[in-house]
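Contents: one structure, followed by commentary.
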């Protein structure tokens with residue numbers, strides 16, 4: 024741990040009543056597995072961030088934030104060193120709203136985005152003695168349960184089985200292809216029944232659900248980080264037509280892809 028980060032954690036550990044604000048360019052080095060004794064709001068600009076817990080990978084896309092409760096072990100990764108992380112650490116109590124007890128990714132609407140941006144130059148511990156700033160950051164915490172009622176399922180379980188690790192890596196790398204279930208089973212030397220059981224026992228979901236979720240996550244990433252057309256995105260993630268892609272997107276996200284881009288979340 025470098026001296027800057029070590030000092031940051033020392034300051035945060037002392038901020039029992041305060042709120043800890045921190046911004047950083049992630050750079051070439053990702054953040055390895057760690058946990059903290061405070062709840063964390065994490066917002067990222069400039070690319071997709073991957074938060075890996077002991078059970079899942081969470082995909083933090085543009086115009087979304089993730090809430091990570093206290094004591095959740097996780098690491099933070101991105102393939103773009105220019106990504107900026109903005110973080111607010113809050114003390115939480117056992118009797119608080121259930122929202123603060125579960126990890127989740129939520130859209131950032133205009134109000135919350137303005138509030139997060141307002142704090143971007145605040146660094147370190149904000150204590151109750153700094154009345155104006157402290158009141159402001161505590162207002163951010165207070166409105167989260169009200170603004171964050173639509174939890175988005177931008178997560179996928181991590182494979183533990185060695186065979187399944189290779190298969191899921193293949194899916195990630197070949198989304199533009201059809202990836203038919205029988206072909207995948209044959210390619211990796213498994214019967215269809217064995218592969219189906221493997222997905223269900225290891226990932227607790229069927230193959231088709233895993234693949235559809237992976238495709239829609241990648242579509243959301245392309246929608247928010249590229250200027251590709253809707254048809255280009257559909258083909259890039261393995262759909263032969265935009266209507267088919269649009270229908271699946273609607274089932275999983277709740278709006279059509281065009282509306283997703285147009286709406287002011």
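In the working numbering, the protein residues as written are 24 to 288. Don't be surprised by glycine CBs; every beta carbon is placed ideally from N, CA and C.
Query                                                                                                                                                                    : Result
From the DSSP secondary-structure annotation, give me the bridge partner or partners of residue 67.                                                                      : 108
Can you say whether residue 171 is buried or exposed, counting buried as having 16 or more other CB atoms within 10 angstroms of its CB?                                 : buried
Thinking just about the alpha-carbon of each residue, which of 228, 220, 180 and 263 is nearest to the one in residue 77?                                                : 180
Roughly how far, in whole angstroms, is the beta-carbon of residue 177 from the beta-carbon of residue 128, given that I think they are within contact range, below 8 Å? : 5 Å
Which residue or residues does DSSP assign as beta-bridge partners of residue 47?                                                                                        : 108
Please list, in chain order, all residues of the same chain as residue 281 whose beta carbon is under 7 Å from its beta carbon, the five residues on each side excluded. : 253
Note the first and the last residue of the continuous beta strand (DSSP E) segment covering residue 178.                                                                 : 178-180
Quick one: complete alpha helix (DSSP H) runs, 4+ long, within the stretch 133-200?                                                                                      : 133-141, 154-170 and 185-196
Whole angstroms are fine: how far does the CA of residue 162 sit from the CA of residue 105?                                                                             : 29 Å
Look up residue 232 in the DSSP assignment and give the residues it is bridged to.                                                                                       : Residue 232 pairs with nothing; no bridge assigned.
Is DSSP giving residue 73 helix, strand or coil here?                                                                                                                    : strand
Who pairs with residue 248 in a beta bridge, going by DSSP?                                                                                                              : Answer is none; residue 248 lacks a bridge partner.
With residue 55 as the anchor, note down where its alpha helix (DSSP H) starts and where it stops.                                                                       : Where residue 55 is concerned, there is no enclosing alpha helix (DSSP H), although the beta strand (DSSP E) it sits in stretches over 54-57.
Quick one: is residue 277 buried, meaning 16 or more other Cβ sit within 10 Å of its Cβ, or exposed?                                                                     : exposed
Whole angstroms is fine: what's the gap from residue 24's alpha carbon to residue 59's?                                                                                  : Note that residue 24 has pLDDT 44, beneath the 50 cutoff, so the model's placement of it is unreliable and no number is given.
If you run the structure through DSSP and keep just helix, strand and coil, what is residue 103?                                                                         : coil
Answer with buried or exposed for residue 249, where buried requires no fewer than 16 other C-beta atoms within 10 angstroms of its C-beta.                              : exposed
Under a Cβ-count criterion, where at least 16 other Cβ atoms within 10 Å of its own Cβ denotes burial, should residue 61 be classed as buried or exposed?                : buried
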